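Visitor: The following block contains the structure, expressed as structure tokens.
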Amino acid sequence: MCQLFANPVYQQDQLTGTVIVLLDVTEKQERETLRREFSANVSHELKTPLTSISGIAEIMKSGLIDPNDVPHFAGKIYDESQRLIHLVGDIIKLSQLDENSIPYTAAPVDLLELAQNTRIQLENPAAKQQVTLQVEGEPVVIEGVLPVLDEMLFNLCDNAIKYNKPGGHVWVSVKHTPDGPTLTVKDDGIGIPTEDHERVFERFYRVDKSHSKAIGGTGLGLSIVKHSAAYHNARIELESAPGKGTCIRLIFPPGREIHGQEQTD
Ligand code: ADP
297 MCQLFANPVY QQDQLTGTVI VLLDVTEKQE RETLRREFSA NVSHELKTPL
347 TSISGIAEIM KSGLIDPNDV PHFAGKIYDE SQRLIHLVGD IIKLSQLDEN
397 SIPYTAAPVD LLELAQNTRI QLENPAAKQQ VTLQVEGEPV VIEGVLPVLD
447 EMLFNLCDNA IKYNKPGGHV WVSVKHTPDG PTLTVKDDGI GIPTEDHERV
497 FERFYRVDKS HSKAIGGTGL GLSIVKHSAA YHNARIELES APGKGTCIRL
547 IFPPGREIHG QEQTD
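First residue of the sequence shown: 297, per UniProt numbering; consecutive thereafter.
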């Protein structure tokens with residue numbers, strides 16, 4: 297899409313011509329549309345739990361509920377508040393990545409050690425889902441921003457557990473490959489239909505909205521993964537098929553450089 301600007305040119309009060317500027321505003325337009333969609337989605341996603349909390353609090357305030365039901369209602373308020381906390385946290389992380397304003401510096405990070413720590417963090421949710429989480433590979437040290445890499449791997453493993461079935465598996469592997477340091481998260485869970493492969497990295501896109509919400513997703517996990525990978529100049533490869541499972545590979549450039557190096561704190 298182009299925008300046209302026409303400026304008259306005068307010489308000694310005489311109109312001598314017109315300067316015409318044609319500006320391609322397609323990218324700007326797309327950015328604006330994305331921004332509007334994001335704001336609309338954020339408002340909707342914030343409103344739902346807030347409406348729920350407000351409704352439950354109103355019922356409790358009325359004094360009409362059985363005292364035995366108080367823990368049940370309080371539990372609902374707690375769950376909805378947790379959802380809000382996760383959502384707001386994810387929105388903040390995304391905007392920091394977007395604006396290149398990550399408040400941490402880059403340092404050497406061993407991806408294998410990171411994967412082992414992620415496995416420990418997710419031990420309980422994995423056990424609850426009856427999913428086995430395994431880590432294999434070799435020490436691979438890259439120059440990276442630890443909290444960003446940590447969040448990225450956590451989101452991938454968390455998804456691999458959430459979108460799985462009892463008795464399922466998640467394999468995390470860390471390897472040097474000819475393409476560069478490679479971090480792979482593979483599961484034998486429900487998989488993603490081919491037509492959704494591109495869209496799952498979009499903000500708030502979910503393959504099955506009600507299922508994702510029921511299991512506590514904010515819809516921002518893979519978007520954070522995409523931005524975190526870009527922040528480290530890493531490439532993402534996705535292979536997935538319904539009923540077969542999902543494999544996501546993050547390939548860091550060999551001898552990689554940090555994007556956003558100018559940060560000094
Ligand atoms: P959510 O918070 O809903 O999990 P994400 O951005 O992390 O959001 O993922 C987007 C969608 O991609 C999910 O809602 C789910 O439908 C799908 N998805 C992500 N990871 C997996 C996976 N490992 N297996 C199957 N589906 C997945």
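Where is the CB? At the ideal position from N, CA and C, for every residue including glycine. From a predicted model like this one, the values you see are computed outputs, not experimental measurements.
1) Closer than 8 Å is the cut-off here; do at least three beta carbon pairs connect the segment 404–411 with the segment 426–437?
2) What separation, rounded to the nearest whole angstrom, lies between the Cα atoms of residue 559 and residue 307?
3) Would you list, in sequence order, the uninterrupted alpha helix (DSSP H) runs of no fewer than 4 residues that lie entirely inside the segment 401–454?
4) What residue range does the beta strand (DSSP E) around residue 531 cover?
5) Does the beta carbon of residue 413 fall short of 6 Å from some heavy atom of ligand 1?
6) Name the DSSP beta bridge partners of residue 465, please?
7) Count the other CB atoms within 10 Å of the CB of residue 557; is the residue buried (16 or more) or exposed (fewer)?
8) Who are the Cβ neighbours of residue 500 in its own chain at under 6 Å, not counting the five residues just before and after it?
9) Expressed to the nearest angstrom, what Euclidean distance is found between the alpha-carbon atoms of residue 544 and residue 364?
10) Taking contact to mean at least 3 C-beta pairs separated by less than 8 Å, is the segment 483–493 in contact with the segment 452–459?
11) For residue 300, is the beta carbon positioned less than 6 Å from some heavy atom of ligand 1?
12) Pick helix, strand or coil for residue 374, following the three-state DSSP scheme.
13) Can you give the Cα-Cα distance for residue 494 and residue 383, rounded to whole angstroms?
14) Can you have a look at residue 463 and say buried or exposed, based on whether 16 or more other CB atoms are within 10 angstroms of its CB?
15) Between 322, 324, 304, which has its C-alpha nearest residue 316's C-alpha?
16) So residue 398 and residue 372 are supposed to be a Cβ contact under 8 Å. How far apart are they, rounded?
17) Going by alpha carbons, who is nearest to residue 527 out of 490, 472, 439?
18) Which residues share a DSSP beta bridge with residue 477?
19) Can residue 280 and residue 532 be called in contact, C-beta distance under 7 Å?
Guide: Let me lay it out:
1) yes
2) The sequence position of residue 559 within the sequence shown is 263, counting from 1. The sequence position of residue 307 within the sequence shown is 11, counting from 1. Note that residue 559 scores a pLDDT of 37, beneath 50, so its modelled location is shaky and nothing firm can be said.
3) 407–417, 419–424
4) Locating residue 531 in the sequence shown gives position 235, where the first residue counts as 1. Here the beta strand (DSSP E) through residue 531 covers 531–537.
5) For this step, residue 413 is matched to residue 117 along the sequence shown. Result no, Cβ not under 6 Å from ligand 1.
6) Residue numbering aside, residue 465 sits at position 169 when the sequence shown is read from its first letter. Residue 465 pairs with 428.
7) Numbered from 1 along the sequence shown, position 261 holds the residue referred to as residue 557. Residue confidence for residue 557 is low, a pLDDT of 41 falling below 50, so the modelled location carries little weight and cannot support an answer.
8) By one-based count along the sequence shown, residue 500 stands at place 204. Only 337, 515 meet the Cβ criterion.
9) To locate residue 544, count along the sequence shown from 1; it is residue 248. To locate residue 364, count along the sequence shown from 1; it is residue 68. About 46 Å.
10) yes
11) One-based indexing of the sequence shown puts residue 300 at position 4. Taken from the Cβ of residue 300, every heavy atom of ligand 1 lies 6 Å or farther away.
12) Taking the sequence shown and counting its residues from 1, one reaches residue 374 at position 78. Annotated three-state conformation of residue 374 is helix, per DSSP.
13) If you number the sequence shown from 1, residue 494 lands on position 198. If you number the sequence shown from 1, residue 383 lands on position 87. For residue 494 and residue 383, the distance between alpha carbons rounds to 22 Å.
14) By 1-based counting over the sequence shown, the position of residue 463 is 167. By the 10 Å Cβ count, residue 463 comes out exposed.
15) Indexing the sequence shown from 1 puts residue 316 at position 20. Considering only alpha carbons, the answer is 304.
16) Taking the sequence shown and counting its residues from 1, the one referred to as residue 398 is at position 102. Taking the sequence shown and counting its residues from 1, the one referred to as residue 372 is at position 76. In fact, because the Cβ distance is near 35 Å, the residues do not count as touching under 8 Å.
17) Taking the first residue of the sequence shown as position 1, residue 527 is located at position 231. The candidate whose alpha carbon is nearest that of residue 527 is 439.
18) Translated into the one-based positions of the sequence shown, residue 477 becomes position 181. According to DSSP, which records beta bridges pairwise, residue 477 is partnered with 472.
19) The chain is shown from 297 up to 561; residue 280 falls before or after that span and cannot be answered.
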